[in-house]
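Chemist: Those protein sequence lines, which keep their order, are chains V and U.
Take any residue in the first sequence, count from 1 to its spot, add 754: that is its number in my numbering.
Take any residue in the second sequence, count from 1 to its spot, add 248: that is its number in my numbering.
For glycine and all other residues, C-beta sits at the position ideal for the given N, C-alpha and C.
Here the structure is a predicted model, which is why all the values come from computation and not from measurement.
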Amino acid sequence: MKEFFGSKKFIVIACIAAFLIGIMIYAAVSSSNAISSAVGTVFSPVQRFSQRISEAVTGTLDMLFNARDYYEENQSLKEQLAELYAKISDYTEVMQENDHLREMIDLADSADGVELSEPCTVIGRVANDVYGSFFIDKGEKDGIEYYDPVVTANGIVGFVTEVEYTYSKVTTILSNEISLGVYCVRTGETGVIEGGYELALDGKVRMVYIPLECEMTEGDIMITSGYSGTVPQGIVLGTLGETSIASNGLSRSGLITPTVDPYELKTVFVITDFDGKGSAYEEE
Amino acid sequence: MKKNNGSGAPALKPQAKTAIKWAVFAVFAVFMYASSTSGGASPKALLLFPFAAAVAVFESEIPSAVLGSVSGLLLDVSLGKLTGFTALLMCLFCAGISALFARLLRKNIVNYLAVFSAAGGIYLYLDYYFYYKIWGYEGYRLVLTHRLIPSALKTLAWSLPVFGAVYVIERLCGSSRKPKLEEQDKNIDRV
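What follows is the structure, given as structure tokens:
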């Protein structure tokens, strides 16, 4: 082996290694880099194709292996449906009342100023990421910006954390890098959510800084507060589980089950603009 | 295209065989990259790692280092890691594997598994250390038990068919090397 370390081959390999160290340093100091952008651009169609094949195979195998479970689930859902039919007449009344209340407190136009991107297809997933981060097929050319919120009709999914020319990476709210102000629809009490490795494995986030004497109970729906200026107010996040006194004894904390499962997503929307975007930073 | 291999089909030139071999390797690499970003929540096998290592067993140091770097860059993108982190490690691993198999080890699956396991173990530890342990976030050890180790075991299991596939390609498309006769080497002193 000694002659190898003195050979020209070794010098060439050392040069390649030095070049890669340069790339690594460049990538570390810049938010976006040409290499990952180029790789993503070239391989986006392949990723999309592969994702479709994977979904088709998984779906077929799932039907074959879990037919019994689906049958039982179907029976259970039929019972639930019967109950829901009974409730639907009440619901119509509540809807009408709700419309009147919205008009009264001028919330009917609360969605104004929110600009959504075109539907974004999930073209791939970050391999082995605990938080379920994924790539979407819209990027800088489609008006996507860093830290734009990503949503579906069911609620908030996460934030855009890498923007390349033709694609973007979305980090979900399960991540420990994301904190978000939320409040309870029923009681109006506020708190902050944070993620973690252990929580992410269960598909949950933790709500912290809940007042000790809170009125929130299990099953309460939590929505975004919009105080931070990173996300519009009023987007559904999830339902609250049991709360307990935090380790510092000064507040309570509880677990929230997000309404959106990142692993089930196929299409999402990016909120490219909204009233009050970045307001918290502007004030600073 | 001049010679006939006896089976009726014309024999390919060594350059053509080499071109076909690397084209097949490129297709393999793209497929393996796409497979690592597809599917659901379960930990995935990082097929590019055993693939680049298997190619390094049969190829010389520089092509191995280049393939290792390219595969590493693809893995960096698919794993969402700092661009160059995996590329640098795979460049060094593949060059090292190639040098080892050219000088010290016989080219068989047992040696490949031993060397690949060692390289994979080093990568696993560095990944865990720099991306999780060093930051000390709550529950970071769970990533090791729920993601990194299952993924590493899957990768190790897949390394056998990947080695087999690379071996077959090398057998079909590799240019046959004839060992030099000792007598023809003038640098050897004979007593």
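Alpha carbons only, please: which of V:Asp823, V:Ala907 and V:Met961 is nearest the one belonging to Thr971 (chain V)?
Modeler: V:Met961
Chemist: For Asn820 (chain V) and chain U, any beta-carbon pair shorter than 9 Å?
Modeler: no
Chemist: Starting from Pro903 (chain V), trace the beta strand (DSSP E) in both directions and tell me its first and last residue.
Modeler: Pro903 to Thr906
Chemist: Using a Cβ-Cβ cutoff of less than 7 Å, which residues in the same chain neighbour Leu861 (chain V) once the five nearest sequence positions on both sides are dropped?
Modeler: With a pLDDT of 37 at Leu861 (chain V), under the threshold of 50, the modelled position of that residue is not reliable, and the figure given next carries that caveat. So the list is empty, once near-sequence residues are dropped.
Chemist: Does Met858 (chain V) pass the burial test, meaning 16 or more other C-beta atoms within 10 Å, or should it be called exposed?
Modeler: Low confidence applies to Met858 (chain V): its pLDDT is 47, below 50, so where it sits in the model is not reliable, and the reading given next is rough at best. With fewer than 16 Cβ atoms within 10 Å of its Cβ, Met858 (chain V) is classed as exposed.
Chemist: Spell out whether any CB of chain U is found under 9 Å from the CB atom of Asn908 (chain V).
Modeler: No, its Cβ sits nowhere closer than 9 Å to a Cβ of chain U.
Chemist: Among V:Thr875, V:Gly950, V:Phe888 and V:Thr1011, whose alpha-carbon lies nearest the alpha-carbon of Val1022 (chain V)?
Modeler: V:Thr875
Chemist: What residues are listed by DSSP as bridge partners for Glu916 (chain V)?
Modeler: V:Lys923
Chemist: Going by DSSP, what residues sit across from Met699 (chain V) in a beta bridge?
Modeler: The structure shown does not extend to residue 699 (chain V), since chain V is modelled only from 755 through 1038, so no value can be given for it.
Chemist: So, does the CB of Lys892 (chain V) fall closer than 9 Å to a CB anywhere in chain U?
Modeler: no
Chemist: Since Ile917 (chain V) contacts Phe1028 (chain V) with CB under 8 Å, what's their CB separation in whole angstroms?
Modeler: The sequence given here places Val at residue 917 (chain V); Ile does not occur at that position. In fact, because the Cβ distance is near 18 Å, the residues do not count as touching under 8 Å.
Chemist: When the Cβ atoms of the stretch 259-269 of chain U are set against those of the stretch 370-383 of chain U, are three or more pairs found closer than 8 Å?
Modeler: no
Chemist: What residue from U:Ile370, U:Leu336 and U:Tyr380 has the CA that sits closest to Ala400 (chain U)'s CA?
Modeler: U:Ile370
Chemist: Please state if the CB of Glu969 (chain V) and the CB of Arg940 (chain V) are separated by a distance shorter than 9 Å.
Modeler: yes
Chemist: Check the Cβ of Asn1002 (chain V) against every Cβ in chain U and list those closer than 9 Å, keeping chain order.
Modeler: Within 9 Å Cβ-Cβ: nothing; Asn1002 (chain V) doesn't reach chain U, min ~15 Å.
Chemist: Taking only three categories from DSSP, how would you classify Pro1012 (chain V)?
Modeler: strand
Chemist: Could you tell me which of V:Lys832, V:Glu931, V:Tyr901 and V:Gln834 sits nearest to Gly983 (chain V), measuring between CA atoms?
Modeler: V:Tyr901
Chemist: Residues of the stretch 359-382 of chain U in Cβ contact with chain V at a cutoff of 7 Å, in chain order, please.
Modeler: none
Chemist: Would you say the beta carbon of Thr334 (chain U) is closer than 8 Å to some non-hydrogen atom of the ligand SAH?
Modeler: Ligands in the displayed structure: none, and consequently the ligand SAH is not present.
Chemist: Quick one, are the C-beta atoms of Val985 (chain V) and Tyr963 (chain V) less than 9 Å apart?
Modeler: no
Chemist: Give the straight-line distance between the Cα atoms of Val880 (chain V) and Leu348 (chain U), rounded to the nearest whole angstrom.
Modeler: 33 Å
Chemist: Can you check DSSP and say which residues form a bridge with Asp1027 (chain V)?
Modeler: V:Glu869
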